[in-house]
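Undergrad: As given, the protein sequences belong to chains A and B, one line each in that order. According to full-length UniProt numbering, the first sequence is numbered sequentially starting from 1. According to full-length UniProt numbering, the second sequence is numbered sequentially starting from 1. No residue lacks a Cβ here, since even glycine has one placed at the ideal position from N, Cα and C. This structure is a prediction, so every number in the text was calculated from the model and none was measured. Please read through the structure below; I'll follow up with questions.
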Amino acid sequence: MKRTKILLSGLLLVSTSAMMAQGAKNIRINEVLTNNTASIQDDYGQNHAWIELENTSFTTYNVRGMYFTTDKSVLDPKMSVPERIKRMSVIPSGDPRTQIGGRQHLIFFCNSNPAQSKLHLSLNVPMSEPLWLGFFNGNATELIDSVTIPALAADQSYARQATNKWVVKSAENVTPGIENFIKTDETKDAKLKREDPHGFGITLLAMGIVFFCLAVLFIFFWVFGLIMRNIETAKKVVNTQPIKPITKTVEVTHDLAHATGNILQDGLKTKGIDKEVYIAVISMALKQYQDDVHDVESGIITIKSKDTGWADESNQMTHFSKPVIPTSHNAPRIPTTPEIR
Amino acid sequence: MDLGQFIIQNFQEFLTYTAFANATVGNLIMIAVGAFFIWLAIKKDFEPLLLVPIGLGIILGNIPFRADAGLEIGLYEDNSVLNIFYQGVRQGWYPPLIFLGIGAMTDFTALLANPKLMLIGASAQFGIFGAYMVALAMGFEPSQAAGIAIIGGADGPTAIFLSSKLSPNLMGAIAVCAYSYMALVPVIQPFIMRLLTTKKERVIKMKPGREVSQTERILFPIIGLLLTTFIVPSGLPLLGMLFFGNLLKESGKTTRLAKTAGAALNDIVVMLLGLTVGCSTQASEFLTFNTIKIFALGAMAFMIATASGVCFVKLMNLFLPEGKKLNPLIGNAGVSAVPMAARISNNLGLEYDRHNFLLMHAMGPNVAGVIGSAVAAGALLGFLS
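Now the structure itself:
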C-alpha cells in the first residue's frame, strides 16, 4: 500500500513537471532587433535592442523566472547552475505583463537597467555583430529556444517565419508586438464556397467520418460481445453444480426463530409467512430509503417517523397489523421508531 | 425647483424607463411566442423541462427597457447577471455539462446487445448534411449552413455548441429552433414513419437483446471515447463528457457522482441554458427573415433525418436473414432526441401490434444518434472552423 502511494506520488510529480515543461516549450523567440535607432522606444523614450517572445499555444503562460543569455558557454552540460545564472539575465517576477496570453507577444528591452522596469534586462546584446541568443527555463538548465542572429543593419530585425525559418526584415517591415507575417489568405468560408459550392464534398466526407466512427465501434463491440458470450458460457459450464434439495421455508423459519427469539415468534403461528412478508417489506423500505429520499409517493414504500403528541410507550410502538392512529399535527413531534406506509 | 416640479420631472423621466414606453411590436410578438411555448409545455405536455425555461426566457429577454440607460440588465450588456449566465452558451460550456448528464443517465445496454444498431444512428445524420446543402443553396455561408444544419441531429446541446463556434450570430434562432423541433418530435416523425413503411414491416417482431456484462458496460465509454476522439478530436468536449458521465454510471463505484451529474447538475444547467437561450431571442435580433429560413431548414433536416433512419433499416433488412430482420419503425430513433424518438417507435409499434414492444430496441439507435450527432458536429467543426 505504501509502495503504491509512493509510486502514485512519483507518477504525479513526473506528469506535473512534464506538463509545466510543455507549457514553457510553447514560448519561443519570435523576433529580435539588435540595432535600434528608430524602432520602438521604451517608456523613457529610449531606443534599446529588443527581443520579442511569442506564446504559440492558446493558454496563458507566465515567463517570470526564465532566463535569456547571449553566452554560448552555458551549453556546457557540466556547468553548475550558479555559474549558468551568473551568465544569464533573469526575467523578474512581480509584473503582470510577464504573463503572456495565448497567441500573444511580449517585448523585452536589452542593454538596459532592470531598475527601470521589469521588462528591461541587463542582457548584453552587441549592436552590429552576429550573436547567439538562448532562452532557458526557470531551472537555468533546460534550453527552451535559441537563435543565431547575423549582424543586422540599423533597425533591421531577425524574424521567424511560419515555417520556422528565420529571415532578416527591413526597417519598414519590423513588427514588434504582433505576428511577423500577416496572413492575407482567403477565409475558410470563402475557400469552401469556391471549392465546394453545393456542399457535396463536405457531406460525403463528414458522413463518411460519422459512419466510420460508428462502424468501428460496431465492429469492436460485436467482436468483443462474441468473446464475452463465450467466456460467460464457459464460466456457466464450470459453475454448474447438481441441484441440492431446498430446505423448506418453515424449517428455515424454525432455525431463525432459535437465533432471533421474539421476532419470528408470531410468525411461527402462521407458518412464518406474515413475518417474512414484513421482513421483506422492511428490507425493501430500508433499501429505498438508503438509495434515495422519497416523499409520500405511490409505489414507494416510505419510512417515516410517527407523529404523536404523546410520549407513552404504547404510542411509540409500531403496530404493523393495526392501522396508523391519526394524531394532531400541532402537537410536539417526538422522534419514534420508524413507521412503514 | 419646487417639490412639485421635482416630482413631475422625475416621474416623467421614470416613465421613459418603463417597458410601456419602450415596447415595440416585435417585443409583443415575442412575448406572445414565449407564452405559447409555456402553454405548449404545460397544457400539451410538449417537453416541459425544455419549453418552460425557454418560454419564460423569451418573455424575459423581450421585456423592453431603455438600452441607453446603462442599467446593465440586458442579456447582451456586459457584466449583467443574464450576460454572465449567457457566457455558458456563448463560450459553449453548458452543452458539454449537459452531455455529462446525458452520459450519466443513458443506458447503452440496448446498443451493446445489438451493436449493428449503431449504423442506424449514423444514417440518421443524413438530416444534418441534407440541410447543409439546402442551406448553402439558400445563400448561407458554409459556417452558417453547418450551424443551421446541425438542428437535424435533434440534439439541442450539440446545436448550441456548434453554432456558438461557427455562427454565433444565428445561435439564438438555431437553439430555439432545435429545442422546439425536439419538442415536436411526436408531431413530425409518425407521419414520415407511416409513409415509408408497409403494414407488414411495422409488425416485425425483434428478438430481445442478449444480456450485457458489466465489463462490457464499463469498457464501452473508455473504448468509445478513444475510438471516436482519435478520429474526431474536435468532438472532444461533447464526446469526452458523454463518455465520462457514462463511466460514472457504469463503474458501479461512483454512483453518487453519476446521480449528481444526471440529476442536480443536469437540472441546473438545463434551467440556465433554457432561460438564457430564450433570453437571446430579443425581437430586434430574432424577428428576421433568416429566422424563418432557419425554422424551415430545421424542419426539413428533422424530416430527412427521420426518413433516412427508416430507409436505412429497410436497406439493412435486405441483407439480414429471416428472423433477424429489424422493424423499420426503430429507424426514426437514429436522431438523438433521447428518449422521445424511441418512445415514438414504441408507441407506433404498439399501435399496429399491441404485443410488439420496440422501446428497448429503439433505444439502441437513439443513443447511437447521440454519439453520431456529436461526431458529426466534431467533423463539421474540424472542416469549417
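If we define contact as Cβ-Cβ less than 9 Å, is K118(A) a contact residue for chain B?
TA: It does not; no Cβ of chain B falls within 9 Å.
Undergrad: Short check: CB of Q116(A) to CB of D196(A), under 9 Å?
TA: Going by C-beta atoms, Q116(A) is not nearer than 9 Å to D196(A).
Undergrad: Roughly how many whole angstroms lie between the Cα atoms of A21(B) and L56(B)?
TA: Near 22 Å, if we compare the C-alpha coordinates of L56(B) and A21(B).
Undergrad: Would you say P197(A) reaches chain B, if we count a Cβ-Cβ gap shorter than 9 Å as a contact?
TA: Output row for P197(A): interface = yes.
Undergrad: Return the CA-CA distance between H329(A) and Y289(A), expressed in angstroms with no decimal places.
TA: Here H329(A) scores only 46 on pLDDT, less than 50, and its place in the model is too uncertain to base an answer on.
Undergrad: Between the beta-carbon of T37(A) and the beta-carbon of V63(A), is there less than 9 Å?
TA: Result no, Cβ atoms of T37(A) and V63(A) do not sit closer than 9 Å.
Undergrad: Near F126(B), which residues of its chain fall below 7 Å by C-beta distance, leaving aside the five closest residues on each side in sequence?
TA: The answer, listed in chain order, is I304, A305 and S308.
Undergrad: In angstroms with no decimal places, state the Cα-to-Cα distance between L119(B) and E232(A).
TA: In a straight line, the C-alpha of L119(B) is about 26 Å away from that of E232(A).
Undergrad: If we define contact as Cβ-Cβ less than 9 Å, is G267(A) a contact residue for chain B?
TA: Reliability of the predicted coordinates at G267(A) is poor, the pLDDT of 49 falling under 50, and the value obtained from them is presented with this limitation in mind. No, no contact with chain B.
Undergrad: Is the shortest distance between the beta-carbon of R210(B) and the beta-carbons of chain A less than 9 Å?
TA: Closer than 9 Å: yes.
Undergrad: Shortest alpha-carbon distance to D267(B) belongs to which of F11(B), V52(B) and N366(B)?
TA: D267(B) has its Cα closest to that of V52(B), out of F11(B), V52(B) and N366(B).
Undergrad: What is the DSSP secondary structure of E13(B), reduced to helix, strand or coil?
TA: Helix, per DSSP.
Undergrad: Cα separation between G121(B) and K199(B)?
TA: So the two alpha carbons sit approximately 24 Å from each other.
Undergrad: How would you call D95(A), buried or exposed, if buried means at least 16 neighbouring beta carbons within 10 angstroms?
TA: With fewer than 16 Cβ atoms within 10 Å of its Cβ, D95(A) is classed as exposed.
Undergrad: Do A159(A) and F135(A) have their C-beta atoms within less than 9 Å of each other?
TA: Their beta carbons are not under 9 Å apart, which means A159(A) does not touch F135(A) by this criterion.
Undergrad: Whole angstroms are fine: how far does the CA of F312(B) sit from the CA of T106(B)?
TA: Between T106(B) and F312(B), the C-alpha separation is close to 24 Å.
Undergrad: Apart from the five residues on each side of it in sequence, which residues of its chain come closer than 6 Å, Cβ to Cβ, to G262(B)?
TA: Taken in chain order, the residues that qualify are G101, A104 and M105.
Undergrad: Against chain A, does K116(B) count as a neighbour if the rule is that its beta carbon must be under 9 Å from one of theirs?
TA: Yes, K116(B) counts as interfacial toward chain A.
Undergrad: What residues of chain B sit near E186(A), judged by a beta carbon separation below 9 Å?
TA: By Cβ distance, chain B contributes nothing, its closest Cβ being about 12 Å from E186(A), past 9 Å.
Undergrad: Taking the Cβ atom as the reference point for each residue, do E54(A) and P176(A) lie within a distance shorter than 9 Å?
TA: Cβ atoms of E54(A) and P176(A): not closer than 9 Å.
Undergrad: Along chain B, which residues have their Cβ under 9 Å away from the Cβ of R160(A)?
TA: Within chain B, no residue comes near R160(A); the closest Cβ sits about 25 Å away, beyond 9 Å.
Undergrad: By a C-beta neighbour count over all protein chains shown, 10 Å radius and 16 as the cutoff for buried, is G372(B) buried or exposed?
TA: It counts as buried.
Undergrad: Would you report the Cα separation of P221(B) and L247(B), rounded to the nearest angstrom?
TA: For P221(B) and L247(B), the distance between alpha carbons rounds to 6 Å.
Undergrad: Does D71(A) come within less than 9 Å of chain B when only Cβ atoms are used?
TA: So, not an interface residue.
Undergrad: Residues of the region 325–349 of chain B in Cβ contact with chain A at a cutoff of 8 Å, in chain order, please.
TA: Answer in chain order: no residues at all.
Undergrad: Looking only at its own chain, which residues have a Cβ that is under 6 Å from the Cβ of G378(B), when we skip the five neighbours before and after it?
TA: Contacts found: V232, S234 and G235.
Undergrad: Cα separation between F46(B) and A183(B)?
TA: Each residue's Cα considered, the two are about 5 Å apart.
Undergrad: Flag V281(A) as yes if its beta-carbon sits less than 9 Å from any beta-carbon of chain B, otherwise no.
TA: No, V281(A) lies away from the interface with chain B (no Cβ there is under 9 Å from its Cβ).
Undergrad: Compare the C-beta of A145(B) against all C-beta atoms of chain A and say whether one is closer than 9 Å.
TA: Output row for A145(B): interface = yes.
Undergrad: From the DSSP output, in three-state form, read off F108(B) for me.
TA: Coil.
Undergrad: Put V168(A) into one of helix, strand or coil per three-state DSSP.
TA: V168(A) falls in the strand class under three-state DSSP.
Undergrad: Which residues of the region 219–234 of chain B have a Cβ closer than 9 Å to any Cβ of chain A? Give them in chain order.
TA: So the close ones are L219, F220, I223, G224, L227, T228, I231 and V232.
Undergrad: According to DSSP, is W93(B) part of a helix, a strand, or is it coil?
TA: It is coil, neither helix nor strand.
Undergrad: Taking a cut of 9 Å between CB atoms, which residues from the region 74–101 of chain B lie near chain A?
TA: Answer set for the region 74–101 of chain B: empty.
Undergrad: Please work out which residues of its chain come closer than 6 Å, Cβ to Cβ, to L273(B), disregarding the five sequence neighbours upstream and downstream, and give them in chain order.
TA: Y94, listed in sequence order.
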